[in-house]
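J.: Protein sequences, first through last, are from chains A and B. Take 8 as the starting number for the first sequence in our numbering and just add one per residue. Take 29 as the starting number for the second sequence in our numbering and just add one per residue.
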Amino acid sequence: MSAGSTVARRNPFGRALLYAVLLAFAVLYLMPLYVMLVTSFKPLEEIHQGNMLALPETWTFAPWREAWGSACIGLECSGVHGYFFNSIKIVVPAVLISGLLGAFNGYVLTKWRFRGHKIVFGLILFSCFIPFQIILLPMARVLGILHIANSTTGLVLVHVVYGIGFTTLFFRNFYESFPDELVRAAKLDGAGFFTIFFRILLPASIPIIVVTIIWQFTNVWNDFLFGVSFTSGDSAPITVALNNLVNSSTGVKAYNVNMAAAMVAAVPTLIVYILAGKYFLRGLMSGSVKG
Amino acid sequence: MSTSPSSRGIGDRLQHWLPRLVLSPSFVLVLFFVYGFILWTTWISFSNSGMLPDYTWAGTRQWSRLWSSWTWGIALHNIWVFGLLYIVICTVLGLLLAILLDQRIRAEGTLRTIYLYPMALSFIVTGTAWQWFLNPGLGLERTMHSLGWESFSFNWLIDAKMAIYTVVIAAVWQATGFIMAMFLAGLRGIDGEMIKAAQIDGAPTWKIYGRIIIPQLRPVFLSAIVVLAHLAIKSFDLIVAMTGGGPGNATAVPATFMYSYAFSRNEMGIAAASAVFMLAVIAALIIPYLYSELREPRS
């Protein structure tokens, strides 16, 4: 309920103004994406001549083909596709492992509480908020000692560790509102720790599982700091490859190829967002407003 | 026949310890990789480490080198300018959009999706897009010229005095939708009774918002500011992608400072000290917030 119900309803001029302002903002928000898209389909000459808002006069897929398969990143000229698959190799295990750990943590922290459970949760939760600069130097050292420096495996470990805070937060908040009576009744019937989790809680957890997967997927996919700090060469994720491609100083800048590569890096999270936007929104809010 | 006390004891003990056992891998990981690393980095900041780690105690040598560094001064100044503008503009614009969207708008879902989508994109992608958009000579400037506005000029990206503001523009674009979503959730959670009463009394809409609704959004303001401050202090990707910290050091912030001292200038000690400082600022902000969030009984 809000004041919205009557505001400006009586006033058609105010109503039109309201829509005009909202539409103007929508155009503003869509502009960069639109410019990226049209630029990625233009030949380079057209970019140098014309206006960036105009649609391509001659459409070309060449920038996309080049970005995917033959653009030079460093000394290697095979496009971003290898780095794209690196990101997939990192995202899938990192999301699954951190999600599973978070689900168990949330379950324990709400349904099997022990003395000091709040402190444990507080300590885990704080890890969501640390600036990652504080862990870069020791982590580089530890990855070296474990012989997983400069590998996608190393990045999986990093993302699992620093994903636990958020996944635990999501599941803990979700299970907090799950009726304790059901769990208590199952305990009285002699059901054990895992039986209760897999038979009672997990089937009811689909919404929060979706939220956690979307959140972790976008966070891990979009990561740049860990990728650039702990990998180099052909083990880097797509974000690092994109940055190297765009900010390399050699040769003529192929803006159309850069924009196509940026679209390649953006497409997975955009798809997830469009398909599951409603859950995404709900997840963002449960993660930040509820604490 | 009853079960023997000893076997029941084992089962019970297992049931008693199992939950803690399941939680322990995560807890150990967090203790080591978060708190252990915090101590480790703090130790480096008091050591002689330069290009190579060297754990001999050096007192506050690295810290005084940090504070006498000219670049660090720029980085602190920039994060202050950037952070303040970013927090204020995102909060005001986010609240405004939320209030506008809350007026029973026909296409609310679509508009919300449009405002929020930048949040799903990587900072590297959006930084790349904005770098192109604001490119002096080819982007906005060129477009305005070709539309007939010949005298239009926009070269903030390469102007040392203005470059930090281009980062603010991109960062605001990225996060406003998220703040709007938080405020929208807050608006939807407000009790309607007082609003109805005020409406019956004939209070004008702006008064209802100013006197009744916005004051009730205090917790959302707090959350929004904490989230934004935290994002601002961590900002790294966007700056790397948009300006690379340049021109010169014009858009350096603590996060880019730390990275360059750690990985390209081989000054681990100074890098560690700057990281500890960043953590201290965030902790001063987040710990009281988390404490108040966790202490209150949940409604």
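We put the beta carbon where it would ideally sit given N, CA and C, even for glycine.
Closest by CA to PHE231 (chain A), which one among B:ILE242, B:PHE264, B:ILE253 and B:LEU256?
T.: Reading the first sequence from its first residue, position 224 is the one you call residue 231 (chain A). Checked all of B:ILE242, B:PHE264, B:ILE253 and B:LEU256; the closest Cα to PHE231 (chain A) is B:PHE264.
J.: If we cut at 8 Å on Cβ distances, does MET8 (chain A) have a partner in chain B?
T.: Along the first sequence, read from residue 1 onward, the residue named residue 8 (chain A) stands at position 1. In this predicted model, MET8 (chain A) has a pLDDT of only 45, less than 50, meaning its place in the structure is not dependable enough to derive any value.
J.: For ILE104 (chain A), which residues in the same chain have their Cβ closer than 7 Å to its Cβ, ignoring the five residues on either side in sequence?
T.: Counting from one through the first sequence, the residue named residue 104 (chain A) turns up at place 97. Answer for ILE104 (chain A): VAL167, listed in chain order.
J.: With DSSP as the reference, identify every bridge partner of GLU83 (chain A), one or two as the case may be.
T.: Looking up residue 83 (chain A) in the first sequence gives position 76. Note: GLU83 (chain A) sits in a beta bridge opposite A:ILE80.
J.: What are the partner residues of TRP222 (chain A), as DSSP defines its beta bridges?
T.: For the purposes of this step, residue 222 (chain A) is taken as the residue at position 215 of the first sequence. Bridge partners of TRP222 (chain A): none, in fact.
J.: Taking the alpha carbon of GLY86 (chain A) as the point to measure from, which residue in A:SER255, A:ALA248 and A:PRO275 has its own alpha carbon closest?
T.: As a working mapping, residue 86 (chain A) is identified with position 79 in the first sequence. When only C-alpha atoms are compared, the closest one is A:ALA248.
J.: Determine the DSSP secondary structure at SER150 (chain B), reduced to helix, strand or coil.
T.: In the second sequence, the residue the question calls residue 150 (chain B) occupies position 122. The answer is coil: DSSP assigns SER150 (chain B) none of H, G, I, E or B.
J.: Kindly list, in the order they appear in chain A, the residues whose Cβ is closer than 7 Å to that of THR156 (chain B).
T.: One-based indexing of the second sequence puts residue 156 (chain B) at position 128. Result: LEU249, VAL253, ASN265 and ALA269.
J.: Using a C-beta to C-beta distance shorter than 8 Å, which residues of chain B count as neighbours of PHE92 (chain A)?
T.: The sequence position of residue 92 (chain A) within the first sequence is 85, counting from 1. Within chain B, no residue comes near PHE92 (chain A); the closest Cβ sits about 17 Å away, beyond 8 Å.
J.: Note down the Cα distance separating ALA211 (chain A) from ILE95 (chain A), rounded to an integer number of angstroms.
T.: In the first sequence, counting from the first residue as 1, residue 211 (chain A) sits at position 204. In the first sequence, counting from the first residue as 1, residue 95 (chain A) sits at position 88. Cα to Cα, ALA211 (chain A) sits roughly 28 Å from ILE95 (chain A).
J.: Could you give the residue range of the alpha helix (DSSP H) that holds TRP100 (chain B)?
T.: For the purposes of this step, residue 100 (chain B) is taken as residue 72 along the second sequence, with counting starting at 1. Per DSSP, TRP100 (chain B) belongs to the alpha helix (DSSP H) from 98-129.
J.: Closest by CA to ILE215 (chain A), which one among A:ILE245, A:ALA198, A:VAL190 and A:PHE173?
T.: Reading the first sequence from its first residue, position 208 is the one you call residue 215 (chain A). Comparing Cα-Cα distances from ILE215 (chain A) to each of A:ILE245, A:ALA198, A:VAL190 and A:PHE173, the minimum goes to A:PHE173.
J.: In the DSSP output, what is TRP85 (chain B) paired with across the bridge?
T.: The residue you call residue 85 (chain B) lines up with position 57 of the second sequence. TRP85 (chain B) is bridged to B:SER75.
J.: Could you spell out the range, first to last residue, of the alpha helix (DSSP H) harbouring TYR145 (chain A)?
T.: By 1-based counting over the first sequence, the position of residue 145 (chain A) is 138. A small correction: the amino acid at residue 145 (chain A) is Pro; Tyr does not occupy that position in the sequence shown. 140-152 is the extent of the alpha helix (DSSP H) around PRO145 (chain A).
J.: Residue range of the alpha helix (DSSP H) that ILE186 (chain B) falls in?
T.: In the second sequence, counting from the first residue as 1, residue 186 (chain B) sits at position 158. Per DSSP, ILE186 (chain B) belongs to no alpha helix (DSSP H) and is neither H nor E.
J.: Can you find at least 3 beta carbon pairs, one from the segment 230-246 of chain A and one from the segment 170-185 of chain A, that sit closer than 8 Å?
T.: With a cut-off of 8 Å, the segment 170-185 of chain A and the segment 230-246 of chain A do not count as touching, because too few Cβ pairs lie within range.
J.: Which same chain residues, not among the five before or five after VAL264 (chain A), have their C-beta less than 7 Å away from its C-beta?
T.: On the first sequence, residue 264 (chain A) is found 257 positions in, with the first residue counted as 1. For VAL264 (chain A), where only same-chain residues beyond five positions count, the Cβ hits under 7 Å are PRO70, GLU73, ALA74 and ALA78.
J.: Are three or more beta carbon pairs between the segment 92-110 of chain B and the segment 120-133 of chain B nearer than 8 Å?
T.: In short, these stretches do not touch, since the Cβ pair count stays below three.
J.: Closer than 9 Å by beta-carbon distance: list the chain B residues that pair up with SER47 (chain A), in chain order.
T.: Start at 1 with the first residue of the first sequence, and residue 47 (chain A) comes out as number 40. In chain order: nothing, as chain B lies at least about 10 Å away.
J.: Any beta carbon from chain A within less than 8 Å of ARG170 (chain B)'s own beta carbon?
T.: The residue you call residue 170 (chain B) lines up with position 142 of the second sequence. For ARG170 (chain B), the answer is yes, since a Cβ of chain A falls inside 8 Å of its Cβ.
J.: Under 8 Å between C-beta atoms, does THR141 (chain B) make it to chain A?
T.: Your numbering for residue 141 (chain B) matches position 113 in the second sequence. Output row for THR141 (chain B): interface = yes.
J.: So for PHE91 (chain A), helix, strand or coil by DSSP?
T.: The residue you call residue 91 (chain A) lines up with position 84 of the first sequence. Helix, per DSSP.
J.: Output needed for LEU189 (chain A): all residues of its chain with C-beta closer than 8 Å, excluding positions within five of it in sequence on either side, in chain order.
T.: The residue given as residue 189 (chain A) occupies position 182 in the first sequence. Cβ neighbours of LEU189 (chain A) beyond the five flanking positions: ILE207.
J.: Please name the residue, chosen from A:LEU29, A:ASN18, A:LYS260 and A:ALA23, that lies closest to THR141 (chain B) on a Cα-to-Cα basis.
T.: Working through the second sequence from its first residue, we reach residue 141 (chain B) at position 113. Nearest option by C-alpha distance: A:LEU29.
J.: For GLY274 (chain B), does the three-state DSSP call read helix, strand or coil?
T.: As a first step, residue 274 (chain B) must be located in the second sequence, where it is residue number 246. Correct three-state label for GLY274 (chain B): coil.
J.: When we look at the beta-carbon of TYR286 (chain A) and count the other beta-carbons within 10 Å, is it buried (16 or more) or exposed?
T.: As a working note, residue 286 (chain A) is residue 279 in the first sequence. Flag for TYR286 (chain A) reads buried.
J.: Could you tell me which chain B residues have their CB closer than 8 Å to the CB of ASN18 (chain A), listed as they occur along the chain?
T.: Here the question's residue 18 (chain A) lines up with position 11 in the first sequence. Residues of chain B passing the Cβ test: none, with the nearest at roughly 10 Å.
J.: Does the segment 260-280 of chain A come into contact with the segment 39-51 of chain A, if we say contact requires no fewer than three beta-carbon pairs (one atom in each stretch) closer than 8 Å?
T.: The segment 260-280 of chain A is in contact with the segment 39-51 of chain A.
J.: Just to make sure I have the definition right: I need the residues of chain B whose C-beta is within less than 8 Å of the C-beta of LYS125 (chain A). Which are they?
T.: Taking the first sequence and counting its residues from 1, the one referred to as residue 125 (chain A) is at position 118. LEU322, listed in chain order.
J.: On a Cα-Cα basis, can you pick out the residue from A:ALA31, A:ALA33 and A:VAL42 that is closest to ALA269 (chain A)?
T.: One-based indexing of the first sequence puts residue 269 (chain A) at position 262. Measuring from the Cα of ALA269 (chain A), the nearest candidate turns out to be A:VAL42.
J.: Count the other CB atoms, across all protein chains shown, that sit within 10 Å of the CB of ALA312 (chain B); report buried if there are 16 or more and exposed otherwise.
T.: For the purposes of this step, residue 312 (chain B) is taken as residue 284 along the second sequence, with counting starting at 1. Result: exposed.
J.: In the structure shown, what three-state DSSP assignment does ALA135 (chain B) receive?
T.: Position 107 of the second sequence, counting from 1, holds the residue named residue 135 (chain B). Of the three classes helix, strand and coil, the one that applies to ALA135 (chain B) here is coil, per DSSP.
J.: Tell me whether the beta-carbon of ILE152 (chain B) lies closer than 8 Å to the beta-carbon of ASN250 (chain A).
T.: In the second sequence, residue 152 (chain B) corresponds to position 124, counting from 1. In the first sequence, residue 250 (chain A) corresponds to position 243, counting from 1. In this structure, ASN250 (chain A) lies closer than 8 Å to ILE152 (chain B) by Cβ.
J.: Straight-line CA distance for ALA299 (chain B) to PHE161 (chain B)?
T.: Residue mapping note: residue 299 (chain B) aligns to position 271 of the second sequence, counting from 1. Residue mapping note: residue 161 (chain B) aligns to position 133 of the second sequence, counting from 1. Roughly 33 Å between the two C-alpha positions.
J.: Taking only runs of the beta strand (DSSP E) that begin and end inside the segment 101-126 of chain A, which ones reach a length of at least 3 residues, in chain order?
T.: Here no run is fully enclosed.
J.: Taking only three categories from DSSP, how would you classify ILE281 (chain A)?
T.: Taking the first residue of the first sequence as 1, we reach residue 281 (chain A) at position 274. ILE281 (chain A): helix per DSSP, three-state reduction.
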